[in-house]
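Counting from 26, one number per residue, gives the positions in the sequence shown under our numbering.
Ideal placement from N, C-alpha and C gives every residue a C-beta, glycine not left out.
Keep in mind it's a predicted model, so treat the numbers as computed, not measured.
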Amino acid sequence: MTCGSPWTNAPVRAGEDLVVDAELEIDGDSTYHGFVEATLDLIVGHDPTHVDSTTVEVFAGQTETVQLEFTTATVRNTQTFPVRVETRHAAAETDVTVIGTDDEGAGQLTVTDLSTTAPVTGGDWLDVTATLTNTGEEPASREVELVVGHDPTTVDSQQVTLDAGETTTVSLGYETYPVANDDEFPVRVRTGDDSASRSVLVYGRDDGNDTGGSPSFAVSISGTNVPVTGGQRLSVTATLENVGDAAGTRTVELVVGVTPEVVDSASVRLAPGETTRVSLGYETYPVTTDDTFPVTVRSPHSSDTRTVTVRGTG
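Structure, rendered in structure tokens:
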């Protein structure tokens, strides 16, 4: 099950309805006509608050657009905060802006089309670009910031001035920390009126070795516990071998479905030539009819795929 990045009608004025559309995609093959029931919750704010929910039934392998909404508070000052759409198995988040009653008509810089050069290796430069648009009725001048990490830190900024209705592209960046192990974290571009974020991956450098080489993990699936019944745990076992010439730590992921979804992962460290076995898994969706789909175990360097069947509960 995948929940796509939400679309909203933001920015909205304080007291207006904020509408959030999310695409819910159910992995599997629609040939089996398997219905999956899912409940979607809308969570808003820095202090997360549940404001709306709905339940839908979707064919396996199909996509459904679901709409949630709530009435924003009548605030005087403009506020930007996260909205999150959650299901039992997936979630997606974006930032929205509510224009305060004291700020109506003023310039507002919104952020869209955020992109990065990730993945990069620790110590390398990470570029982040975004599109800024002044959606207000007056010129606006803002300091645009690049904020990174789970403990947010501003690493770059740029002063931007736009006339009403004007659009520009801003490029920000910084030299990533030379981490030893793979690190995934959020990066955010914010203007004070609006923000946008996404997760990036920085590969570890394994600075503890002095061989000058690099690790490379080969992957081979050695077994699964299929067939299982929908709702039960599906386990996949894989053998990993470091075929590179240096020790390293890498993230190994279990990816399932025709539309790939990462459902489990593990961090593994291996010396050159060392082999280990990992077991990954997840709770399958309670499909009503049999569903056949691929499962893949992948490292940054290699992958292996098997086809599995989950029996329907009907």
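- Per the coordinates, the alpha-carbon of Ile68 lies some 29 Å from the alpha-carbon of Val227.
- For the options Val185, Tyr199, Asp72, the alpha carbon positioned closest to that of Thr193 is the one of Val185.
- Exclusion of the five residues before and after Ala291 leaves Thr276, Val277, Val303, Leu305 as the residues of its chain whose Cβ lies within less than 8 Å of its Cβ.
- At least 8 Å separates the beta-carbon of Gly282 from that of Thr313.
- Judged by DSSP in its simplified three-state form, Asn250 adopts coil rather than helix or strand.
- Assignment of beta-bridge partners to Pro319 by DSSP yields Thr332.
- Runs of the beta strand (DSSP E) spanning 3 or more residues and lying entirely within the region 81–112 occur at 88–96, 104–111, in chain order.
- Spatial neighbours of Asp138 in its own chain (CB-CB distance under 7 Å, excluding positions within 5 residues in sequence) are listed in chain order as Ala155, Thr156.
- Counting C-beta atoms within 10 angstroms of its own C-beta, Arg323 has 16 or more neighbours from the protein chains shown and is therefore classed as buried.
- In the structure shown, Asp218 adopts coil according to DSSP, grouped into three states.
- Look at the region 100–184 and you find these whole runs of beta strand (DSSP E), each 3 residues long or longer: 104–111, 116–124, 134–141, 150–159, 165–173.
- For a cut-off of 8 Å, the C-beta gap from Phe106 to Gly70 is around 5 Å, short enough to register as a contact.
- Taking each of Asp127, Phe84, Thr64, Gln87 in turn and checking the Cα distance to Ala115, the smallest one comes out for Thr64.
- Around the CB of Glu50, 16 or more other CB atoms lie within 10 Å, so the residue is classed as buried.
- Bridge partners of Thr262 according to DSSP: Gly248, Ser304.
- In this structure, DSSP gives Thr79 an extended state, which the three-state scheme calls strand.
- Here DSSP, grouped into helix, strand and coil, assigns Thr193 to strand.
- Secondary structure at Arg275: strand, using DSSP grouped into helix, strand and coil.
- Under the DSSP assignment, Arg294 falls in the beta strand (DSSP E) whose first and last residues are 286–295.
- By the CB criterion at 8 Å, Val172 and Thr179 fall inside the cutoff.
- The criterion of a C-beta distance shorter than 8 Å is satisfied by Thr317 and Thr332.
- At a Cβ-Cβ threshold of 8 Å, Arg230 and Pro203 count as neighbours.
- CA-to-CA, the gap between Asp218 and Ala165 works out to about 10 Å.
- DSSP places Val44 inside the beta strand (DSSP E), whose first and last residues are 42–50.
- In the structure shown, Tyr228 adopts extended strand secondary structure according to DSSP, grouped into three states.
- Residues Arg101 of the same chain have their beta carbon placed closer than 6 Å to that of Asp127, with the five preceding and five following residues left out of the count.
- Within the same chain, Gly132, Gln133, Leu134, Ala165, Leu187, Asp188, Ala189, Gly190, Glu191 come within 7 Å of Asn159 by CB-CB distance, once the 5 residues on both sides are set aside.
- Distance from Phe242 to Asn267 at the Cβ level is roughly 6 Å; contact confirmed, criterion being Cβ atoms closer than 8 Å.
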